[in-house]
Amino acid sequence: MPQGKPDYVPEDGLTTRQRRNRPLLVVHTGPGKGKSTAAFGLATRGWAQGWDIGVFQFVKSAKWRIGEERALSVLGETGEGGRVDWNKMGEGWSWIQRSGTEQDHAADAAEGWAQIKRDLAAETYRLYVLDEFTYPMKWGWVDVDDVVETLSRRGGQQHVIVTGRDADPRLTGAADLVTEMTKIKHPMDAGQKGQRGIEW
Numbered sequence: 003m004p005q006g007k008p009d010y011v012p013e014d015g016l017t018t019r020q021r022r023n024r025p026l027l028v029v030h031t032g033p034g035k036g037k038s039t040a041a042f043g044l045a046t047r048g049w050a051q052g053w054d055i056g057v058f059q060f061v062k063s064a065k066w067r068i069g070e071e072r073a074l075s076v077l078g079e080t081g082e083g084g085r086v087d088w089n090k091m092g093e094g095w096s097w098i099q100r101s102g103t104e105q106d107h108a109a110d111a112a113e114g115w116a117q118i119k120r121d122l123a124a125e126t127y128r129l130y131v132l133d134e135f136t137y138p139m140k141w142g143w144v145d146v147d148d149v150v151e152t153l154s155r156r157g158g159q160q161h162v163i164v165t166g167r168d169a170d171p172r173l174t175g176a177a178d179l180v181t182e183m184t185k186i187k188h189p190m191d192a193g194q195k196g197q198r199g200i201e202w
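Following the working numbering, the numbering of the sequence shown begins with 3 at its first residue and continues without gaps.
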């Protein structure tokens, strides 16, 4: 894509401006590190454009205080860019289940998705980050076909980014942009635990 020009221009009747400005469904998946980080980077760009940002965090414990949450919250309070709302779906679900039952977490995930659907219908945000949202789909807590249909039919200028491993092929098939993070090497391979400022 030299100089930002596409190799192929479809004959879809859209002008260059219309095609350039259409809302995107983005998926960051794969076993490598950086899926959420890349999504939050895009959210920062959107904030700088004056977009309202909605972050919906699944899976990671609601007790975790990650750096991106703090940074985006502070940016949202400055009044210089868009508004930033950070939503944690229930108590979260970490790799080590700490509290509640699977049914509780499934219900929280389903309610989280229901809230996202309400926000999409109301066009509440210009950009949505559905962090670790591939897992509720993988575990059957949220219906993949409903997600794909809802995201494909969303109105307005709403961009959506979904992160997490093992993205369902139906989701990636519907997406406009899919990036797979591939792990080549990670400090955990050598027995090093996650560290402040790198993992959170």
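For every residue, glycine included, the Cβ atom is placed at its ideal position computed from N, Cα and C.
Just so it is clear, the structure is predicted and the values come from calculations on it, not from any experiment.
Same chain, Cβ closer than 7 Å to L26, neighbours up to 5 away in sequence not counted:
H161, D178 and L179
Are the stretch 110–117 and the stretch 79–86 touching, with three or more C-beta to C-beta distances below 8 Å?
no
E71 beta carbon near the ligand GDP (any heavy atom closer than 6 Å):
For the structure depicted, the ligand GDP is absent and the ligand set is empty, with no information on it obtainable.
With 16 as the cutoff for other CB atoms within 10 Å, does R21 come out buried or exposed?
exposed
Any contact between the stretch 119–129 and the stretch 139–147? By contact I mean 3 or more CB pairs, one from each, below 8 Å.
no
Verify the CB distance criterion: does S75 have a CB-CB separation below 7 Å to chain C?
Given the protein chain composition of this structure (a single chain), no chain C is represented.
Quick one: what's got a C-beta closer than 6 Å to R100's C-beta in the same chain, skipping five residues either side?
Annotation note: pLDDT 49 at R100 (below 50); position unreliable, coordinate value reported separately. Closer than 6 Å at the Cβ level, and outside the excluded window around R100, lies no residue.
Look at G32 and M190 and say whether their C-beta atoms are less than 7 Å apart.
no
Would you mind giving the Cβ-Cβ distance between W88 and E71, rounded to the nearest angstrom? I have them listed as a contact below 8 Å.
5 Å
Need the endpoints of the alpha helix (DSSP H) that E151 sits in, please.
V146 to S154
With G175 as the anchor, note down where its alpha helix (DSSP H) starts and where it stops.
P171 to A176
Reference L132; option with closest CA among D147, E151 and A111:
A111
Distance between F42 and F60 (C-alpha atoms, nearest Å):
14 Å
Alpha carbon to alpha carbon, how far is A40 from V164?
11 Å
Check F60 in the structure and name its three-state DSSP category.
coil
If we call anything under 7 Å between Cβ atoms a contact, is L173 one with V144?
no
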